[in-house]
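Student:
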Amino acid sequence: MRRLLFVVFVFFGGLSTACSGQQTPVQTKPIAVILDTDMDSDVDDVGALAMLHTYEKVGKVRILGVVVTSDEQYSATCTDAINTYFERGDLPIGISQKDSLKSFSKYTLAVSQEFPHKLTSSKIAENSTSLYRRLLAKEPDGSVVIITIGHLTSLSNLLNSQPDAISPLSGQALVAKKVLRWSCMGGQFPSGKEANFYRPDPASTVNCLAKWTLPVTFAGWEVGNQLVTGGADFKARCKSSSPVYRSYELYNNFKGRASWDQVAVLEAVEGVSSYFSVVKDGHCAVSADGSNTWTFPANPLHGYLAIKFTPEAIRNRIEELMLGN
Ligand SMILES: [Ca+2]
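Structure (structure tokens):
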């Protein structure tokens, strides 16, 4: 469940001007992607992962692995089952924690039980820091796109990591060398308090933003919240044998859900394209409690998304990609 504790809209006297002139670069080879997900309480993570698999099938993406940042007991096995359904059961999965796991998701246990996969338990999955480092170390410099659609504990741990047998570089240096950019579902813009930033680990958000030295685009809560997907139309078009279908069925029986996480994937792969504009006139400042504000001075590396095209067109595009037919 996503809760918005409070919403404080701060208007900077015309300073938050959307820049609409950005062009999506011509893509010549698949984008190497690491997805960092909290696939547990909400279901949009399922839609986002399905989108990535669809992109991979058409050659737009090469998924390197999935980081599961969650304390949900069946989050990693559910992720493995979805990957397996999309014929990528070979994808490595890293987890943020093995202890104090809980079972609170409406769909991860059922998907884990009903769909084949190899990972038998979260407890035997690789540590997320190790996986991040291993995947980054073997990729070409400046090539990897990180997409976070959950809280930032694993990314923060990566940035804090020290040289090891995998790489002589610190986590921060390894990221600076190997990563191209970060697409982050998090925050509310221009100001607010959003779950990925404040719950359960706001210090990780502060740390990530302090140590991030590359381009980052924020898909704020207010964008995906306008884009409800996974409803009755989706049910009619999705294969009932799909774990995506099953997850949305179990979550709320196809009443639909906001597409917070799918927006980050859409932007990460297709760029700003015709769907969004990017506000670039400030930077995202995060407080210790995880609340955030878009403020001066401008940091050219920071931007946040605003809807430019019609929400209906974006919804349709997201659902097409979620279907993966
Ligand atoms: Ca999520």
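Just so you know, we're using my numbering here: the sequence shown kicks off at 146 and counts up by one.
For each residue, glycine too, the CB sits at the ideal point set by N, CA and C.
#1: How many angstroms separate the CA atom of V256 from the CA atom of S392?
#2: Do V414 and Y449 come within 8 Å of each other at the CB atom, strictly closer than that value?
#3: Touching or not, the region 397-415 and the region 184-196, by the rule of three or more beta carbon pairs under 8 Å?
#4: Taking a contact to mean a Cβ-Cβ separation below 8 Å, would you say G239 touches Y277 in this structure?
#5: Buried or exposed for A193, going by 16 or more other Cβ atoms inside 10 Å?
#6: When the Cα of L466 is compared with those of Q258, E412, F363, A430, which residue comes out closest?
#7: Quick check on the burial criterion: 16 or more other C-beta atoms within 10 angstroms. Buried or exposed for T265?
#8: Which residue marks the beginning of the beta strand (DSSP E) containing T440, and which one marks its end?
#9: If you measure from the beta carbon of I294 to each beta carbon in chain C, is any gap under 8 Å?
#10: Helix, strand or coil: how does DSSP classify W327 here?
#11: Measure the C-alpha to C-alpha separation of A433 and P175 and round it to an integer number of angstroms.
#12: Going by DSSP in three states, T293 sits in which element: helix, strand or coil?
#13: Scan the region 230-294 and note each continuous beta strand (DSSP E) run of 3 residues or more that stays entirely inside, going in chain order.
#14: Please check the pair T229 and H262, which I expect to be a contact at CB under 8 Å, by giving their CB distance rounded to whole angstroms.
#15: Note the first and the last residue of the continuous beta strand (DSSP E) segment covering K338.
#16: In angstroms, rounded to a whole number, what distance separates the CA positions of K283 and V320?
#17: To the nearest angstrom, how far is it from the Cα of K268 to the Cα of S215?
#18: From the DSSP output, in three-state form, read off F421 for me.
#19: Excluding the five sequence neighbours on either side, which residues of its own chain have a C-beta within less than 7 Å of the C-beta of H296, listed in chain order?
#20: Can you tell me which of K202, N302, V408 puts its alpha carbon nearest to the alpha carbon of N352?
#21: Put D190 into one of helix, strand or coil per three-state DSSP.
#22: Can you give me the Cβ contacts of G158 inside the same chain, cut-off strictly under 7 Å, excluding the 5 residues immediately before and after it?
#23: How is T455 classed by DSSP in three states: helix, strand or coil?
#24: Grouping DSSP H, G and I as helix and E and B as strand, with all else coil, what is I311?
#25: Does the contact criterion of 3 or more C-beta pairs under 8 Å hold for the region 431-446 versus the region 354-367?
#26: Identify whether C429 lies in helix, strand or coil by the three-state DSSP scheme.
#27: Which of the three DSSP states, helix, strand or coil, is assigned to V414?
#28: Can you grab the Cα-Cα spacing for the pair S161 / A270, in whole Å?
#29: Select from P308, L281, S248 the residue whose C-alpha is nearest the C-alpha of P237.
#30: From the DSSP output, read off the bridge partner residues of D181.
#31: Short of 6 Å in beta carbon distance, which residues of its chain neighbour K322, apart from the five on each side in sequence? Order them along the chain.
#32: Specify the secondary structure class of L359 as computed by DSSP and reduced to three states.
#33: Mind checking which residues open and close the alpha helix (DSSP H) that includes V368?
#34: Can you find the residues in the same chain that come closer than 7 Å, C-beta to C-beta, to L314, ignoring five residues on each side of it along the sequence?
#35: How long is the line joining the alpha carbons of L468 and S275, rounded to whole angstroms?
Tutor: Let me spell this out:
#1: In the sequence shown, the residue the question calls residue 256 occupies position 111. In the sequence shown, the residue the question calls residue 392 occupies position 247. Straight-line Cα distance between these residues: approximately 7 Å.
#2: As a first step, residue 449 is located in the sequence shown; it is residue number 304 there, counting from the start. As a first step, residue 414 is located in the sequence shown; it is residue number 269 there, counting from the start. Contact flag unset, no.
#3: The region 184-196 and the region 397-415 touch, with three or more beta-carbon pairs separated by less than 8 Å.
#4: Indexing the sequence shown from 1 puts residue 239 at position 94. Indexing the sequence shown from 1 puts residue 277 at position 132. Cβ atoms of G239 and Y277: closer than 8 Å.
#5: Numbered from 1 along the sequence shown, position 48 holds the residue referred to as residue 193. A193 is buried by the Cβ-count criterion.
#6: Here residue 466 corresponds to residue number 321 of the sequence shown, with the count starting at 1. That would be E412, whose Cα lies nearest to the Cα of L466.
#7: In the sequence shown, counting from the first residue as 1, residue 265 sits at position 120. Under this definition T265 is an exposed residue.
#8: Numbered from 1 along the sequence shown, position 295 holds the residue referred to as residue 440. In the DSSP annotation of this structure, the continuous segment of the beta strand (DSSP E) that includes T440 starts and ends at 436-440.
#9: The structure shown has no chain C; it contains just one protein chain.
#10: What you label residue 327 is simply residue 182 of the sequence shown in a count that begins at 1. It is a strand residue.
#11: Within the sequence shown, residue 433 is the residue found at index 288, counting from 1. Within the sequence shown, residue 175 is the residue found at index 30, counting from 1. About 37 Å.
#12: Position 148 of the sequence shown, counted from the first residue, corresponds to residue 293. T293 falls in the strand class under three-state DSSP.
#13: With a minimum length of 3 residues, the continuous beta strand (DSSP E) runs that stay inside the region 230-294 are 238-240, 289-293.
#14: What you label residue 229 is simply residue 84 of the sequence shown in a count that begins at 1. What you label residue 262 is simply residue 117 of the sequence shown in a count that begins at 1. That belief holds up - the Cβ atoms of T229 and H262 are roughly 5 Å apart, short of 8 Å.
#15: Translated into positions along the sequence shown, residue 338 becomes position 193. First-last of the beta strand (DSSP E) with K338: 336-338.
#16: Working through the sequence shown from its first residue, we reach residue 283 at position 138. Working through the sequence shown from its first residue, we reach residue 320 at position 175. Rounded to whole angstroms, the separation of the alpha carbons of V320 and K283 is 12 Å.
#17: Walking along the sequence shown from the start, residue 268 turns up at place 123. Walking along the sequence shown from the start, residue 215 turns up at place 70. Distance between the alpha carbons of K268 and S215 is about 12 Å.
#18: Stepping through the sequence shown from its first residue, residue 421 is reached at position 276. Note: F421 maps to strand in three-state DSSP.
#19: As a working mapping, residue 296 is identified with position 151 in the sequence shown. Closer than 7 Å at the Cβ level, and outside the excluded window around H296, lie D183, T214, N341, R344, P345, D346, S349.
#20: Taking the first residue of the sequence shown as 1, we reach residue 352 at position 207. Answer by Cα proximity: N302.
#21: Numbered from its first residue, the sequence shown carries residue 190 at position 45. Of the three classes helix, strand and coil, the one that applies to D190 here is helix, per DSSP.
#22: Looking up residue 158 in the sequence shown gives position 13. Because G158 carries a pLDDT of 31, less than 50, the predicted location of this residue cannot be relied on, and the following value inherits that uncertainty. So the list is empty, once near-sequence residues are dropped.
#23: In the sequence shown, residue 455 corresponds to position 310, counting from 1. Under the three-state reduction of DSSP, T455 is assigned to coil, being neither helix nor strand.
#24: The residue given as residue 311 occupies position 166 in the sequence shown. I311 falls in the coil class under three-state DSSP.
#25: Remark: three or more beta-carbon pairs, one from each stretch, lie closer than 8 Å, so the region 431-446 and the region 354-367 are flagged as touching.
#26: Here residue 429 corresponds to residue number 284 of the sequence shown, with the count starting at 1. In this structure, C429 counts as strand in the three-state DSSP scheme.
#27: For the purposes of this step, residue 414 is taken as the residue at position 269 of the sequence shown. It is helical.
#28: Position 16 of the sequence shown, counted from the start, is the residue given in the question as residue 161. Position 125 of the sequence shown, counted from the start, is the residue given in the question as residue 270. Low confidence applies to S161: its pLDDT is 35, below 50, so where it sits in the model is not reliable, and the reading given next is rough at best. Roughly 43 Å between the two C-alpha positions.
#29: The residue you call residue 237 lines up with position 92 of the sequence shown. When each option's Cα is compared against that of P237, the closest is L281.
#30: Numbered from its first residue, the sequence shown carries residue 181 at position 36. Residue pairing from DSSP places D181 in a beta bridge opposite V212, T293.
#31: Residue numbering aside, residue 322 sits at position 177 when the sequence shown is read from its first letter. Correct list, in chain order: D286.
#32: As a first step, residue 359 is located in the sequence shown; it is residue number 214 there, counting from the start. L359: coil per DSSP, three-state reduction.
#33: What you label residue 368 is simply residue 223 of the sequence shown in a count that begins at 1. Taken as a continuous stretch (DSSP letters only), the alpha helix (DSSP H) holding V368 covers 366-369.
#34: Mapped onto the sequence shown, residue 314 falls at position 169. Closer than 7 Å at the Cβ level, and outside the excluded window around L314, lie P308, K322.
#35: Translated into positions along the sequence shown, residue 468 becomes position 323. Translated into positions along the sequence shown, residue 275 becomes position 130. Using only the alpha carbons, I get a separation of about 32 Å.
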